[in-house]
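Report on the structure given below.
Chains as they are written, first to last, in our numbering: chain A, 1 to 158; chain B, 1001 to 1394.
Rendered as structure tokens:
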């Protein structure tokens, strides 16, 4: 294998590691750890298409500072007591200099306090990354949902 | 020993029998006596902006099509083919020049007229009259840009049904083009009336961490906002002058940019139209809640965000962000409300505590129960049942 090919594989693995870490930190409700995966100017968004109004819909769009403020108060809200498990399947990564884009399929399984598990959300992460000091961070982290009825609603990122 | 079945020592208007939220018979009767008889909000007119734009909805268990016809008028029809009763339209929304039933391909014009029958010669022997086989129409009318339908031909006009309460929101809703910029829906594990309660009584604001910061009047003795009661069970609350919400306390900047006509900065007006529509206007956004009762403990709720159609891109972006931070499915308030009413209904269904208390009298401050009492008096009038004793035969 050439050095270039090896480097590409390592970079791809590094991106996939960020995506897997994202899932694990959300499952653990480690919001500080989740935010640490974002570049300083990064944005997070939840989107879906609404056939009812025939338009794309954005349900959460915030920069890192806003996320910090909101998530710091998340514990003060009356929240869904369910436990979440993110299942992520990275599909592809494309590189361009110190930037990368990635597509990941994801499913969130929710387990309620009685121990019943069900699919909570299905969708795709459409992400862009930037490299900083040798590590990859989210530039934009976008959850594009197939699910349009989120039940119960969420005070946490998906 | 304390019993949960002992009626509270209160006037009969000041408490409810919780079985109005859980009883199957009452739920079935509500569909006939309320949902099939009153005007019900179905969508905003901007959702049907162009000729041929259509939207399908369910009302009282009946499937409807709403469509803007070539004459510009929005009409409503039952979404059922006259041939063999298949659904004519299967999409949530779209644009069409005609409707064709997917099953046997009968076609209908946007005015509902039957325009085509497959292999018509097959009916020559019985002289089938196509002109009498159009889609069945339903009453449809618009007030302040809000599209309503009514399944009953006997009910009064929409204008008479809604009455003067609409004056409170006419200017923000009617003087500039608006558009729906947000939509989501969910099936709540709760009775539909509990969601309207949640939209009507203000003391549950204390549930919300954010409202404890942004609405100090909730815990104060008086408020610049006052309850307003109207005929037919409609009610609202708004102030006559002072701003009522300190959005900045929640960390929102420029929350009033793009303010709707007639609204003051940081103002909030809420009107609740019997039985199931809430119009909640903050300075630059309108939230519209619509309900589709499915079972005593199951309700589809649709949430719309409405705002000025033509605003600069940065204003549109900020408005959307502010709206969703409060009222989106990942918002800070709406999820708390849903958790509350679902838990409340599940607890009511155990029938341990049979009565709900609606006894606050606070000179029409928003935390007064007058509006909720008036709502249930209207419910009782239409149902022929006393809300405090709905299953009594006498």
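Note that beta-carbon positions come from the ideal geometry of N, C-alpha and C, so glycine has one too.
Start and end of the alpha helix (DSSP H) containing residue 1161 of chain B?
Its alpha helix (DSSP H) spans residues 1158-1162.
Let me confirm a value: residue 948 of chain B is counted as buried when at least 16 other C-beta atoms fall within 10 Å, else exposed. Which label applies?
The requested residue 948 of chain B is not part of the displayed model; chain B covers only 1001 to 1394.
Under 7 angstroms, CB to CB, which of the residues in the segment 33-61 of chain A have a partner in chain B?
46, 50, 51, 52, 53, 54, 57, 58, 59, 60, 61: these are the residues of the segment 33-61 of chain A whose beta carbon lies less than 7 angstroms from some beta carbon of chain B, given in chain order.
Determine which residues of the segment 1303-1337 of chain B have a Cβ less than 7 angstroms from any Cβ of chain A, and write them out in chain order.
Legend: CB atoms of the segment 1303-1337 of chain B lying less than 7 angstroms from CB atoms of chain A belong to residues 1320, 1321, 1324, 1328, 1329, 1330, 1332, 1334, 1335, 1336.
What first and last residue would you give for the beta strand (DSSP E) that runs through residue 127 of chain A?
First-last of the beta strand (DSSP E) with residue 127 of chain A: 117-132.
Mind reading off the beta-carbon distance from residue 1074 of chain B to residue 1068 of chain B? Whole number of angstroms is fine, and I expect it under 8 angstroms.
Contact flag correct, Cβ pair sits at about 5 angstroms.
Rounded distance between the beta-carbons of residue 1161 of chain B and residue 1232 of chain B, thought under 8 angstroms
That pair is a contact at about 6 angstroms.
Let me check understanding here. Comparing Cα to Cα, which of B/1336, B/1329, B/1274 lies closest to residue 1035 of chain B?
The shortest C-alpha separation from residue 1035 of chain B is found at B/1274.
Kindly list the residues whose CB is nearer than 6 angstroms to the CB of residue 1369 of chain B, restricted to its own chain and excluding five residues on each side of it in sequence; keep chain order.
Excluding residues up to 5 positions away in sequence, 1358, 1360 lie with their Cβ nearer than 6 angstroms to the Cβ of residue 1369 of chain B in the same chain.
Secondary structure of residue 1305 of chain B, DSSP reduced to three states:
Strand at residue 1305 of chain B.
Is the shortest distance between the beta-carbon of residue 126 of chain A and the beta-carbons of chain B less than 8 angstroms?
At least 8 angstroms separates the CB of residue 126 of chain A from every CB of chain B.
Within 10 angstroms of its Cβ, does residue 1390 of chain B collect 16 or more other Cβ (buried), or is it exposed?
Counting Cβ neighbours within 10 Å, residue 1390 of chain B comes out buried, since at least 16 surround it.
Classification of residue 1193 of chain B by the beta-carbon crowding that lies within 10 angstroms, buried from 16 upward:
It counts as buried.
Chain B contacts made by the segment 136-154 of chain A, where a contact means CB separation under 9 angstroms:
Within the segment 136-154 of chain A, the qualifying residues are 148, 149, 150, 151, 152, 153, 154.
Which first and last residues belong to the alpha helix (DSSP H) in which residue 1339 of chain B is found?
Unbroken alpha helix (DSSP H) run through residue 1339 of chain B: 1334-1348.
Whole angstroms are fine: how far does the CA of residue 1335 of chain B sit from the CA of residue 1344 of chain B?
If I take the Cα positions, the gap works out to 14 angstroms.
Whole-angstrom distance between residue 1115 of chain B and residue 41 of chain A, CA atom to CA atom:
Residue 41 of chain A and residue 1115 of chain B: Cα-Cα distance of roughly 58 angstroms.
Which parts of the segment 1097-1183 of chain B are runs of the alpha helix (DSSP H), unbroken and 4 residues or longer, counting only runs that do not cross its ends?
Entirely contained in the segment 1097-1183 of chain B, the alpha helix (DSSP H) runs reaching 4 residues are, in chain order, 1158-1162, 1167-1174.
One or two residues paired with residue 1068 of chain B in a DSSP bridge
Answer is B/1074.
Which residues, in order along the segment 70-92 of chain A, keep a beta-carbon less than 8 angstroms from a beta-carbon of chain B?
Residues of the segment 70-92 of chain A that bring their beta carbon within less than 8 angstroms of a beta carbon in chain B comprise 70, 73, 76, 77, 78, 79, 80, in sequence order.
Using a Cβ cut-off of 7 angstroms, pull out every chain A residue sitting near residue 1185 of chain B, in sequence order please.
Within chain A, the residues near residue 1185 of chain B are 149.
C-alpha gap between residue 1155 of chain B and residue 1032 of chain B, whole angstroms
One alpha carbon belongs to residue 1155 of chain B, the other to residue 1032 of chain B, and they sit about 13 angstroms apart.
Where does residue 1119 of chain B land, buried or exposed, given buried means 16+ other C-beta within 10 angstroms?
Exposed is the call here.
Contact the segment 1195-1213 of chain B vs the segment 1276-1291 of chain B: 3+ CB pairs below 8 angstroms:
In short, these stretches touch, since the Cβ pair count reaches three.
7 angstroms Cβ cut-off: residues of chain A touching residue 1182 of chain B
For a Cβ distance threshold of 7 angstroms, residue set 57 of chain A lies close to residue 1182 of chain B, ordered along the chain.
From A/8, A/35, A/60, A/112, residue whose alpha carbon lies closest to that of residue 99 of chain A
When only C-alpha atoms are compared, the closest one is A/8.
What's the gap between the Cα of residue 1211 of chain B and the Cα of residue 1331 of chain B?
Going from the Cα of residue 1211 of chain B to the Cα of residue 1331 of chain B covers about 13 angstroms.
Can you check whether the C-beta of residue 1092 of chain B is within less than 8 angstroms of a C-beta belonging to chain A?
For residue 1092 of chain B, the answer is yes, since a Cβ of chain A falls inside 8 angstroms of its Cβ.
In this structure, how does DSSP classify residue 70 of chain A when only helix, strand and coil are distinguished?
Three-state DSSP puts residue 70 of chain A in a helix.
Flag residue 1207 of chain B as yes if its beta-carbon sits less than 8 angstroms from any beta-carbon of chain A, otherwise no.
For residue 1207 of chain B, the nearest CB of chain A lies under 8 angstroms from its own CB, placing it at the interface with that chain.
DSSP-derived helix/strand/coil call for residue 2 of chain A:
If DSSP states are grouped into helix, strand and coil, residue 2 of chain A belongs with coil.
Flag this pair as yes or no: are the beta carbons of residue 1059 of chain B and residue 1042 of chain B separated by less than 8 angstroms?
Contact: yes.
Residue burial classification, residue 1394 of chain B (beta-carbon count within 10 angstroms, cutoff 16)
Note that residue 1394 of chain B scores a pLDDT of 46, beneath 50, so its modelled location is shaky and nothing firm can be said.
Which value, in whole angstroms, describes the spacing of the CA atoms of residue 18 of chain A and residue 1313 of chain B?
If you draw a straight line from the Cα of residue 18 of chain A to the Cα of residue 1313 of chain B, it is about 32 angstroms long.
Start and end of the beta strand (DSSP E) containing residue 1198 of chain B?
Not the beta strand (DSSP E): residue 1198 of chain B falls in the alpha helix (DSSP H), residues 1192-1200.
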